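See structure below.
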Amino acid sequence: MESVFSAAGSPVATLGTVTLMVAFVVIAYAGAAGIIGQRTRRPGLVQSSLWATWAWTALMCFATALIIYAFLSHDFRIKYVAHYSDSTMPLFYLLTAYWGGLDGSLMFWVWVLSMFTAVALYVNRVRHRDMIGYVIGTIAAVALFFLALLLYSKNPFQTFLTGSPLEGRGLNPLLQNYWMVIHPPSLYVGYVGMTIPFAFCMGALASGRLDDGWLQSVRVWVIIPWFFLSFGLILGCLWAYEELGWGGYWAWDPVENAGLIPWFTATAFLHSVVIQERRGMLKVWNVVLVIVTFFLTIFGTFMTRSGIVQSVHAFGQDNELALLFLLFMTAVLVFSLGLLIYRLPALRAANEFESFLSREFAFLLNNVALFVCAFFVLFATMFPTLSEYILGQRITVGPPFFNRFMVPIGLCLLFLTGVGPLLAWRVTTARKLVHEFLFPIAAMVLTMGVLAVLVPATRLKTAILTPDLLLPMPLVGFGLIAFTVATITQEFWKGARVRRRETGSDPFTALIGIVVTKRRKYGGYVVHFGLAMMFFGFIGKAYQQEKSVTMEGAGKKFGLGGYTFFYEDLQVGGNENRDTFIAKIRVTRGDDVVGDLYPGRFAYKHGNKEVTTEVDMIRSMGEDIYLVINGFDPDTKQANFTVYLNPLTNFIWLGFGFFALGTAICLLPQSLLSVFAPRRRPGAAAAATLLVLLGCGLGLAALSRPRAPDFGPGAVIVVRR
Amino acid sequence: MKRAWILRAAAGGATLAFALGVLWYYHFRPTLGAFVLVVGWSVLLGAGWLLWRAAASFDLHVDDPVFQAPETVRRAELTAEKKLLLKAIKELEFDKNMGKLDDREAAEIIGRYRARAVEILRELDDESGGKTYEAIVEKELARRLGQPEAAPAPGTCGACGTANDADAVFCKKCGKKVTA
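Protein chains in written order, with this note's numbering: chain A, 331 to 1051; chain B, 11 to 190.
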């Protein structure tokens, strides 16, 4: 595409840099005016800072439009465009190359923050007029740090000092995958969105408005980024599963862990906030969780971008950036914890724990378990780096180490997921305890008994805590899933029965009625159901079967798990962008043809001339037949394959569909439920609709199976026989 | 009003002129690049307008007596706690109906919550002695109109000034007969 700007140099780059500079000045003014206006009680100044913040959002949108235009017009005078795109890249990947590199991803970070800020301030500008100036001030401080980074050393509009290349290097082929296109922005939205609750928390601490008002407003602004964090993580799993070709979806990669750590603390907050609302307890803890979650999102960004950890998709070593991030994180901790200590006397609890058999105590245990998860994963992720600094030698810890600890903690969390709803607030009497637990415990015992007798494989023992402690964790897992699902079923059943008594409606209407009137509670149960389903999928990993074979030529066959794999052919093709080598394997079971698989290898001609593995699989709810071609000789058609049989994996993606549905129910605003009522919370309404669409889309996409080999546009296939 | 319409028309005209310019450059073939440029230009105009609004609303005057006043803060805290208690009572009743709480337990906790709610309602009534936005607006209106302050609302206690229901015979705070 020809550029509108054809002058020497790049006017787009100049305009982009100037826009970032103006945005820096504008948000600096907004932050200062907000804080001064709030402190000195000058509403005019606070109002001015609000308008300035929205102007900053518009300026960031303009900068985004400019970088996208630069990609579309192949303006290779701009370094970032030359490094992450080329003229043969499809339009979709050209657009998403915006966040494909470090500089662009930082600008994308600021742009997403500006969008979140604009909506959050619009929704809360009246309700929280007594703290909005401090909120703007906090957001401005975060934005200024990232804008300063952009302007100082990571400007995506930077141009080549000498002659610019005629062709770009192109985006890393591994990133040219549809899941990878939406995975990073989803994680960014999760990361960035956590700035909003942090800003409101700082606003509440600075203004002394420490009642539950800020907490109620902030809840939605935690749920939205928390969901996107979850969505980003699950997309990362899908990407790893489909693109990397090692048969799994999660290997405790440091960059993925960076997203998981704040997810744990945000989840803890979503639970502990309920205790503060219901019992006026854990006020300090909630503030700590908001601060820690925000800190961990910045820490995650730091881990991903500074190169302190080694990962399949970190951005590389950058000591200067690491130092700047460390300074910023120190400032965040000192400022936020200082403010918290200053306000400690005003954050006293209104009540105390009265019994261990209470819902609030179950929630507290859940918080402790989630916090342990967060800090265990953080410690284990940083362990290689720490060991290098302390011992002078890099000691790595692999997935088995993580699994030994995370499996029991995860199952404890699953158990608490089932226990929490059964307990009453304050105290549960022994009689009520028996009454409530009877059905879920019976379901658990029955499931474990039946599985242990009828499906001996479920008695498989796996190591927990130490390599020598072997326990039948899959069986325990299935039992706890049954316990949790039984609890949820019982809650829906009893709730609907009460609703029927109160309203006299039919069972179905009563069921919808309780979900609609108690959206947070029952939406939460749907999320828990989704999680139980995902655990079902995770347990399937224990039964994975794997086999690597070398076929001397086409026409040979091998078997695994009752399936026979016929190696029929190796097809060689390609286009101007890459050479493609695709094998055809027919899968049969007995006399039935299960399907054809086309695993391949793509050799890219541009950039770093990478060779990628193209997985193919036959999906089903029972198991995925997952095939990879590791190496081949195109002349003799000798090829090496690895086949994996992955049981229950699709329950993870399906479970996430329920997870998204439950989140959408929690976010449904009252106004959406009454058709003719005016919309009072556009942010939540839009988010809820988006979540429903995302859930449906992801579910459909995950279960669809492309059957024809993808040779790329304009491919010429040469079949050698 | 007229000025606002002129500004809107000017912004619309500028966007249209820019869009036509870009389309002319692309020989009137609508491409994604052209679309991005037009959207970018519109956003830039929007940024200009927002900056103008920021400058126009810049005002160093301190004119909001209720802004962050301790009474306002306390009032908001009480209102929030009241809402919380009412919600908790509703939730407890639901839990009782679901069988998670005995009638006796539920009655005891609900009774305690109700007592606290009544305390809060009383404190809120006491707080509204001319410190709310409504009272300040009324006072300011009366001053500007040059009229004496409005007569106390029906039900206001002559002895302690508590606002009772309009048809109240006795004051809910001090118990004296309502004369207003």
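Where is the CB? At the ideal position from N, CA and C, for every residue including glycine.
Please read all numbers here as calculations on a predicted model, not as lab measurements.
In terms of alpha-carbon separation, which member of the options lies closest to residue i?
| i | options | result |
| --- | --- | --- |
| Leu795 of chain A | A:Lys848, A:Ile739, A:Val846 and A:Phe822 | A:Ile739 |
| Leu991 of chain A | A:Ile553, A:Leu480, A:Trp755 and A:Ala710 | A:Ile553 |
| Cys996 of chain A | A:Ser878, A:Asp909 and A:Tyr855 | A:Tyr855 |
| Phe658 of chain A | A:Thr627, A:Pro675 and A:Tyr452 | A:Thr627 |
| Gly961 of chain A | A:Gly904, A:Ser835 and A:Leu900 | A:Leu900 |
| Thr387 of chain A | A:Met437, A:Ala773 and A:Pro341 | A:Met437 |
| Trp544 of chain A | A:Leu799, A:Val945, A:Asn454 and A:Gly520 | A:Asn454 |
| Ser415 of chain A | A:Phe401, A:Arg457 and A:Ala676 | A:Phe401 |
| Thr817 of chain A | A:Met712, A:Ala570 and A:Leu744 | A:Leu744 |
| Asp105 of chain B | A:Leu861, A:Glu821 and A:Gly361 | A:Glu821 |
| Phe406 of chain A | A:Gly493, A:Asn907 and A:Thr918 | A:Gly493 |
| Trp877 of chain A | A:Gly883, A:Phe865, A:Lys886 and A:Leu890 | This sequence places Lys at residue 877 of chain A; Trp is not what is there. For Lys877 of chain A, the nearest C-alpha among the options comes from A:Leu890. |
| Val707 of chain A | A:Phe735, A:Thr942 and A:Leu694 | A:Phe735 |
| Gly498 of chain A | A:Leu768, A:Gly885, A:Asp648 and A:Val411 | A:Val411 |
| Phe487 of chain A | A:Asp583, A:Val342 and A:Phe989 | A:Val342 |
| His458 of chain A | A:Lys409, A:Gln546 and A:Pro584 | A:Gln546 |
Distance check for residue j and residue i, CA to CA, integer angstroms please.
| i | j | result |
| --- | --- | --- |
| Thr979 of chain A | Asp954 of chain A | 7 Å |
| Tyr36 of chain B | Val49 of chain B | 16 Å |
| Phe629 of chain A | Asn485 of chain A | 21 Å |
| Tyr521 of chain A | Leu721 of chain A | 32 Å |
| Ala652 of chain A | Leu479 of chain A | 11 Å |
| Gly904 of chain A | Lys939 of chain A | 14 Å |
| Ser685 of chain A | Met864 of chain A | 32 Å |
| Val511 of chain A | Phe422 of chain A | 9 Å |
| Val188 of chain B | Ala178 of chain B | 7 Å |
| Gly538 of chain A | Ser379 of chain A | 21 Å |
| Arg13 of chain B | Gly22 of chain B | 14 Å |
Under the three-state reduction of DSSP, which class applies to residue i: helix, strand or coil?
| i | result |
| --- | --- |
| Gly171 of chain B | coil |
| Asn980 of chain A | helix |
| Asp433 of chain A | helix |
| Phe406 of chain A | coil |
| Tyr579 of chain A | coil |
| Thr817 of chain A | helix |
| Ala1007 of chain A | With a pLDDT of 39 at Ala1007 of chain A, under the threshold of 50, the modelled position of this residue cannot be trusted, and the question is left open. |
| Ile948 of chain A | strand |
| Gly374 of chain A | helix |
| Arg1051 of chain A | Because the pLDDT of Arg1051 of chain A is 30, which lies under 50, any placement of that residue in the model is unreliable, and the question is left without a value. |
| Gly854 of chain A | helix |
| Ser878 of chain A | strand |
| Asn587 of chain A | helix |
| Gln723 of chain A | coil |
| Phe971 of chain A | strand |
| Phe68 of chain B | coil |
| Phe446 of chain A | helix |
| Asn502 of chain A | coil |
| Phe896 of chain A | strand |
| Asp460 of chain A | coil |
| Arg689 of chain A | helix |
| Ala933 of chain A | strand |
| Asp110 of chain B | Residue 110 of chain B is actually Lys in this sequence, not Asp. The answer is coil: DSSP assigns Lys110 of chain B none of H, G, I, E or B. |
Inspect the beta-carbon positions of residue i and residue j and report whether they are closer than 8 Å.
| i | j | result |
| --- | --- | --- |
| Pro999 of chain A | Ile959 of chain A | no |
| Ala173 of chain B | Asp135 of chain B | yes |
| Trp580 of chain A | Glu573 of chain A | no |
| Ala773 of chain A | Ala812 of chain A | yes |
| Gly610 of chain A | Gly589 of chain A | no |
| Leu784 of chain A | Leu805 of chain A | no |
| Phe476 of chain A | Trp429 of chain A | no |
| Ala536 of chain A | Asn697 of chain A | no |
| Gly346 of chain A | Ala385 of chain A | no |
| Ala754 of chain A | Leu111 of chain B | yes |
| Met461 of chain A | Gly577 of chain A | no |
| Arg829 of chain A | Gly807 of chain A | no |
query: Are there three or more Cβ pairs, one per stretch, closer than 8 Å when the segment 650 to 670 of chain A is compared with the segment 726 to 746 of chain A?
result: no
- prompt: At a cut of 8 Å, does the segment 352 to 360 of chain A reach the segment 407 to 423 of chain A through at least three beta carbon pairs?
  reply: no
- prompt: With contact counted as at least three CB pairs below 8 Å, one residue from each stretch, are the segment 866 to 884 of chain A and the segment 967 to 987 of chain A in contact?
  reply: yes
query: Is it true that the segment 368 to 387 of chain A meets the segment 57 to 72 of chain B, where meeting means three or more beta-carbon pairs spaced less than 8 Å apart?
result: Taking 8 Å as the limit for Cβ pairs, the verdict is that the segment 57 to 72 of chain B does touch the segment 368 to 387 of chain A.
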